[in-house]
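Residue numbers (this note's numbering): 3 to 245. Some notes on the structure that comes next.
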C-alpha cells in the first residue's frame, strides 16, 4: 500500500473485522485445529498455535473451546478435518489477490471462490500466478504520531528486518516470520503497541485504483472475505482514502 493511504486502508480493514466478529470464532477455531494438527498441541513448542491462541483471546473465544479444538486436532476427540488451500487471482485493474482458505470440502470452496471472482469483475488464476508479488513476513504497523526513533531502535535491536515510515505518519516494521514474536514482544515491553501485528503476505508493489474501480475492488474483496471457508485475503490494491 502506498504511504498516503496505508492508514485509511488499515482502518477500513479493522472496521470490516469488527463487523464480522460472529464469523471470527469460526475462523480462529479452524486456525487452531490446523496449527495443532501440523505442529502438535503444545503451544510452547508450536509458534503457529501460539499465534492462533492469541487471536482466539483477541476475539474472546472461551478457553475451554480452544482446548477442545486442540484435542480434536491432535486426535484426543473426534472432529472435522480441515485442509488449507490457497487461491490466486486478479481483481479490478489487474490487482493481485491471494485467498487463503480452510475447508472440509475442496470442491465447494473452489466453486464459491471462482463464482465470487467472476461475478464481481475478477478472474481466478493458476497457482503461482500472483504469489511472487507478495512477501511472507511479520508486519507491525503503528499509528501516526508514534515515535519513529523509538520504534526503529527497539525493532532493529530485537531482530526486525526493516522499519518504514509512511507519508501519512504511520510506521511499519517488517520481520522474518520466525522473528515476529520476539520483535512484537520487545516493542510491547517498550510501551509501543501496534495497531496491526500479524504474519502476513505483504504486497511488494501496489496497483492504484480510484473512483468506480476502487469501489468495485472493495466490493470484490468484501464478497470474498465473507465466504465461509475464507480465512485471509491479501491484495496489492491501493484503494485511496475515499474507497
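Using N, Cα and C, we set each Cβ at its ideal position, and we do this for glycine too.
| Query | Result |
| --- | --- |
| Buried or exposed: where does residue 40 fall if 16 or more other Cβ atoms within 10 Å of its Cβ makes it buried? | exposed |
| If you run the structure through DSSP and keep just helix, strand and coil, what is residue 233? | strand |
| Measuring straight from C-alpha to C-alpha, what distance separates residue 45 and residue 214? | 45 Å |
| Let me know the beta strand (DSSP E) ranges lying completely inside the region 127-197, each 3 residues or longer, listed in chain order. | 136-144, 164-167, 173-177 |
| Can you give me the C-alpha to C-alpha distance between residue 124 and residue 191, rounded to a whole angstrom? | 43 Å |
| What does residue 67 pair with, by DSSP beta-bridge criteria? | None, per the DSSP bridge assignment. |
| Nearest to residue 130 by CA position, among 87, 119, 60, is which residue? | 87 |
| How is residue 81 classed by DSSP in three states: helix, strand or coil? | coil |
| Quick one: residues in its chain with C-beta nearer than 7 Å to the C-beta of residue 6, no 5 flanking neighbours on either side, listed in chain order? | Interpretation of residue 6 is limited by its pLDDT of 44, a score under 50 that renders its predicted location unreliable; the figure taken from the coordinates is listed afterwards. The answer, listed in chain order, is 169, 170. |
| Starting from the Cα of residue 230, find the closest Cα among 104, 72, 181 and give me that residue. | 104 |
| Could you name the residues of the same chain whose beta carbon sits closer than 7 Å to that of residue 32, not counting the 5 residues immediately before and after it, in chain order? | 84, 104, 233 |
| Can you tell which of 97, 180, 236, 147 has the C-alpha that lies nearest to the C-alpha of residue 162? | 180 |
| Since residue 142 contacts residue 189 with CB under 8 Å, what's their CB separation in whole angstroms? | 7 Å |
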